[in-house]
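The sequence shown begins at 1 in my numbering and counts up one residue at a time. Here a beta-carbon is modelled for each residue, glycine too, at the ideal position from N, C-alpha and C. Remember, predicted model here, so these are calculated numbers, not experimental data.
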Amino acid sequence: TGTTTVTTAVDTEAVKENVRDFVDKVNVVRSYILDITKFNTTSQEGSILTGNYGVQLISTQLKDLVATKGTGFDYNEDVVSVLAQVGITTDATEDSVTRGLLVLDEDVLDEALATDPDAVAQIFAADFIGASNSSDFSYYSHIDGLTKAGTYSVNYTVDGSGNISGATINGHAATIDNTTHEITGVHGYDEGGLVVKITNLTAGSYNGEVRLKQGKAGQLAEALKDITSSTSGPLHILEDNYQDIMDNIDKKIERENTRITNLEEHMRERYSRLDAVLGNYNNISNSLSSSIAQLSSK
């Protein structure tokens with residue numbers, strides 16, 4: 001019984017270490033991609049996958065994920081919406097040893113942590129945090145595994161009886177519950193399962209946005225899951241394409257081996273017949289030489 005004072009503080013150094021680890025892990029992948037696609041301008045030689053479209057597609061996708069704003073984030077509504085605001089950028093300096101890799105400006109990170117540590121945490125780890133830009137309605141809930149993170153436009157109309165008479169989410173008709181004053185995104189669209197609570201039931205039409213925020217860690221995890229999918233991912237497709245190429249090469253080798261074997265047999269037959277003909281002519285030559293010798297002796 002009594003009163004207890006609880007004091008909390010952000011472990012800034014631990015956060016910075018996690019950010020450094022994030023940058024290092026992304027750079028491991030980037031370095032590998034750069035290594036297998038690099039082109040030596042001096043020797044005019046490429047690497048094993050230089051110019052490969054599939055690898056370029058993966059590289060571009062990962063670069064865009066790091067450079068663009070977080071899914072469901074807003075430049076105006078969120079204190080931090082892109083990684084550049086916490087000091088993470090891509091080194092584009094010509095001839096730099098880290099060219100094409102992520103670099104971390106810890107001074108910028110320190111300033112962001114001092115200003116709003118929660119905003120810094122969200123750009124990395126937000127896990128479907130809901131927000132609304134309207135006082136007429138608010139985010140209520142979503143369904144894990146069904147609703148996609150993102151920004152959704154909300155429109156609804158209230159009749160003279162205070163009932164919601166029509167509603168859309170992202171331009172698609174939403175289901176309406178006038179008992180709980182909620183509208184829900186329908187299955188089959190990205191907003192499926194998204195529930196919006198209507199708070200303004202005055203007759204009229206209203207619109208705004210609901211955002212489901214997902215941080216960069218979650219975005220990258222989903223992207224890597226898609227990239228490495230064993231059924232539809234680009235790596236799987238790339239692997240299948242190369243397997244098809246190798247299978248076709250094996251078939252060509254098999255056909256060529258068959259052709260060479262048949263040619264060898266044919267040539268052996270020809271030279272066997274030639275050898276027999278030569279043997280016959282040699283016998284005739286010997287016979288003629290013997291006959292000429294006998295005529296000369298007479």
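Could you tell me which whole alpha helix (DSSP H) segments of length 4 or greater appear in the stretch 8-95?
Correct list: 12-37, 53-67.
Which residues bound the alpha helix (DSSP H) around R99?
Translated into positions along the sequence shown, residue 99 becomes position 99. No alpha helix (DSSP H) holds R99; DSSP gives it neither H nor E.
Select from D95, A125, A84 the residue whose C-alpha is nearest the C-alpha of D110.
As a position in the sequence shown, residue 110 is number 110, starting the count at 1. With distances taken between Cα atoms, D110 lies closest to A84.
Sorted by chain position, which residues of the same chain lie with C-beta nearer than 7 Å to S31's C-beta, five sequence neighbours on each side aside?
For the purposes of this step, residue 31 is identified with residue 31 of the sequence shown, where counting begins at 1. Answer for S31: L101, listed in chain order.
Reducing DSSP to helix, strand and coil, say where D107 ends up.
For the purposes of this step, residue 107 is taken as residue 107 along the sequence shown, with counting starting at 1. In the structure shown, the three-state DSSP call for D107 is helix.
Counting along the chain, where does the beta strand (DSSP E) carrying L212 start and finish?
Taking the sequence shown and counting its residues from 1, the one referred to as residue 212 is at position 212. Secondary structure note for L212: its beta strand (DSSP E) is the uninterrupted segment 204-214.
Below 8 Å on the Cβ atoms is my contact criterion, and I expect V186 with F137 to pass it. Report the Cβ-Cβ distance as a whole number of Å.
Position 186 of the sequence shown, counted from the start, is the residue given in the question as residue 186. Position 137 of the sequence shown, counted from the start, is the residue given in the question as residue 137. Between F137 and V186 the Cβ distance is about 17 Å, and since that is not below 8 Å, they are no contact.
Rounded to a whole number of angstroms, what is the C-alpha to C-alpha distance between G51 and Y206?
The residue labelled residue 51 in the question sits at position 51 within the sequence shown. The residue labelled residue 206 in the question sits at position 206 within the sequence shown. G51 and Y206 have their C-alpha atoms spaced approximately 50 Å apart.
Buried versus exposed, by CB contacts within 10 Å (16 or more), K25
Indexing the sequence shown from 1 puts residue 25 at position 25. Around the CB of K25, fewer than 16 other CB atoms lie within 10 Å, so the residue is classed as exposed.
How should I58 be labelled, buried or exposed, when 16 other C-beta atoms within 10 angstroms of its C-beta is the threshold for buried?
To locate residue 58, count along the sequence shown from 1; it is residue 58. The residue in question, I58, is buried, as its Cβ has 16 or more Cβ neighbours within 10 Å.
Where S352 sits in the DSSP three-state scheme:
No information on residue 352 is available, as it lies outside the stretch 1 to 298 that the chain covers here.
Could you give the C-beta distance for V29 and L62, rounded to a whole number, given that I count them as a contact under 8 Å?
Taking the first residue of the sequence shown as 1, we reach residue 29 at position 29. Taking the first residue of the sequence shown as 1, we reach residue 62 at position 62. Rounded to the nearest angstrom, the Cβ distance from V29 to L62 is 7 Å, consistent with a contact under 8 Å.
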